[in-house]
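Below is one structure, written out as structure tokens; comments come after it.
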Amino acid sequence: MALDVLIVDDSAAIRKILQRVLVQANVGIGKIIEANDGREGLERMTAENVGLVFSDINMPNMDGLEFLQLIRANPNWKNVPVVMVTTEGSQDKVFQALQMGASGYVKKPFTPEQIREKLGTIGCAA
Amino acid sequence: MNTQKTVELIRQSTLEVMSMMLGVQAEVGEPYEESGTTETFSGIVSLVSISGDWAGMGSIYCGSELALRLTGMMLLDDQVSTVNDDVLDAMAELANMIVGNVKTMLEADLGPLSLSIPTVIYGRNYRALHGIGKTRVVVPFEVAGGTMTIKFYILPQASANRGRQTGVVQNVA
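Sequence order for the protein chains is A and B.
Yeah, the first sequence ends on 351 if you go by the numbering used here, and it's all consecutive.
Yeah, the second sequence ends on 285 if you go by the numbering used here, and it's all consecutive.
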């Protein structure tokens with residue numbers, strides 16, 4: 226069954242690039258939903274049936290770590306895979322995200338192959 | 113912070129971002145150091161600041177025509193013809209990735225650092241005065257038929273706060 230994917234990033238360019246990569250990956254992606262920050266992301270999570278999340282960490286209003294924490298605290302969303310896509314390559318924030326229940330992370334800049342590989346590791350490969 | 117090492121980190125980060133996100137090879141020019149006010153500029157400047165025990169700023173200077181080409185490459189869109197929100201956003205994200213990766217590499221020596229949300233300035237005949245009183249490393253890159261220039265400085269927090277650090281945009285038209 227196709228998964229609806231939520232992309233949360235304050236950069237429209239990164240959202241577009243990720244969207245293109247996900248469509249090209251041909252891994253059974255359904256609707257692609259976008260949000261500008263964690264707060265908008267939570268609104269989309271509530272309104273849609275999201276099956277997979279890609280989220281930036283460093284965002285205004287609500288950052289990716291707080292967003293992740295709120296997703297994991299909600300019984301309806303606690304099993305939804307969340308992949309962090311971030312320039313925050315420092316072990317500190319990445320380790321924090323993984324401890325908080327992130328399913329993995331992709332460092333910016335990224336290649337389409339890296340995104341496809343990450344989809345494979347979380348069980349979304351074609 | 114060693115200038116030669118800073119230049120190398122900027123080089124590595126920029127080449128990686130250009131290659132992976134835009135599919136284009138950049139060529140690094142001759143780096144130099146700059147202090148005092150910058151020359152009048154027309155185009156786009158994207159600024160990202162770094163904070164922690166060390167503080168500083170990275171900025172990317174790019175003319176409008178080059179910004180259009182880089183955005184087109186990044187979004188795989190050959191219809192990008194005017195500097196709009198998409199272009200400013202793409203230039204902000206380029207700065208975020210390039211400076212962010214430099215920051216990550218610096219953390220091995222300097223400890224944990226934080227990155228700001230990027231700020232983008234677009235206009236004609238202005239000076240972006242940032243890191244006032246600080247010596248900045250300047251690294252030009254030839255890419256996609258134009259020159260993109262990266263300016264960077266980082267200092268221990270106490271030195272970074274001495275004098276006027278805050279960025280100023282001055283219209284000199």
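Quick reminder that beta carbons are idealized off the backbone N, C-alpha and C, glycines included.
Between which two residues does the beta strand (DSSP E) harbouring residue i extend?
{"i": "Asp317/A", "result": "Counting along the chain, Asp317/A falls outside any beta strand (DSSP E), though it belongs to the alpha helix (DSSP H) covering 316-324."}
{"i": "Val157/B", "result": "153-164"}
{"i": "Ala260/A", "result": "254-260"}
{"i": "Met309/A", "result": "307-311"}
{"i": "Gly329/A", "result": "329-332"}
{"i": "Leu225/B", "result": "225-227"}
Could you tell me which of the options sits nearest to residue i, measuring between CA atoms?
{"i": "Arg181/B", "options": "Met132/B, Val192/B, Tyr234/B", "result": "Val192/B"}
{"i": "Ile233/B", "options": "Tyr144/B, Gly155/B, Gln116/B, Leu121/B", "result": "Gly155/B"}
{"i": "Asp201/B", "options": "Glu145/B, Gln116/B, Ala179/B", "result": "Ala179/B"}
{"i": "Val123/B", "options": "Pro143/B, Leu222/B, Ala220/B, Thr259/B", "result": "Correcting the residue type first, residue 123/B is Arg in the shown sequence and not Val. Answer by Cα proximity: Pro143/B."}
{"i": "Lys117/B", "options": "Met260/B, Thr259/B, Glu139/B, Val251/B", "result": "Val251/B"}
{"i": "Val319/A", "options": "Glu265/A, Asp281/A, Met270/A, Asn274/A", "result": "Asp281/A"}
{"i": "Glu265/A", "options": "Asp317/A, Lys303/A, Leu247/A, Met287/A", "result": "Met287/A"}
For residue i, I'd like the list of residues in its chain whose CB is within less than 6 Å of its CB, leaving aside the five on either flank, ordered along the chain.
{"i": "Gln269/B", "result": "Asp165, Ala167"}
{"i": "Ala351/A", "result": "For Ala351/A, the pLDDT reaches just 49, beneath the cut-off of 50, and the residue's location in the model is therefore unreliable, although a value from the coordinates is still provided. Asn251, Val252, listed in sequence order."}
{"i": "Gln277/B", "result": "A caution first: Gln277/B carries a pLDDT of 48, below 50, which makes its placement in the model too unreliable to give a value."}
{"i": "Thr231/B", "result": "Leu159"}
Name the DSSP bridge partner or partners of residue i?
{"i": "Ile282/A", "result": "DSSP output for Ile282/A lists no bridge partner at all."}
{"i": "Ala167/B", "result": "Leu267/B"}
{"i": "Thr261/B", "result": "Tyr173/B, Pro252/B"}
{"i": "Asp229/A", "result": "Val275/A"}
{"i": "Thr231/B", "result": "Leu159/B"}
{"i": "Glu139/B", "result": "Glu254/B"}
If I measure Cβ to Cβ from residue i and keep anything under 7 Å in the same chain, skipping five residues before and after, which residues do I get?
{"i": "Leu228/A", "result": "Gly253, Ile254, Gly255, Gly276, Leu277, Cys349"}
{"i": "Lys215/B", "result": "Ile162, Leu225, Leu227"}
{"i": "Gly329/A", "result": "Val308, Lys343, Thr346, Ile347"}
{"i": "Met113/B", "result": "Ile266"}
Would you mind giving the Cβ-Cβ distance between residue i and residue j, rounded to the nearest angstrom? I have them listed as a contact below 8 Å.
{"i": "Ala260/A", "j": "Leu344/A", "result": "With a Cβ gap of about 19 Å, Ala260/A and Leu344/A do not count as contacting."}
{"i": "Pro334/A", "j": "Met133/B", "result": "4 Å"}
{"i": "Val249/B", "j": "Thr150/B", "result": "Contact flag wrong, Cβ pair sits at about 13 Å."}
In the DSSP assignment, find the unbroken alpha helix (DSSP H) run with residue i in it and report its ends.
{"i": "Lys117/B", "result": "115-129"}
{"i": "Thr149/B", "result": "Thr149/B -> no alpha helix (DSSP H), and no H or E assigned at all."}
{"i": "Leu290/A", "result": "289-298"}
{"i": "Gln249/A", "result": "237-250"}
{"i": "Met209/B", "result": "197-222"}
{"i": "Gly345/A", "result": "337-346"}
Looking only at its chain, what residues have a beta carbon closer than 8 Å to the beta carbon of residue i, apart from the 5 residues adjacent to it on each side?
{"i": "Leu243/A", "result": "Ile232, Asp234, Phe279, Val310, Ile340"}
{"i": "Asn274/A", "result": "Asp229"}
{"i": "Thr247/B", "result": "Glu145, Glu146, Ser147, Tyr265"}
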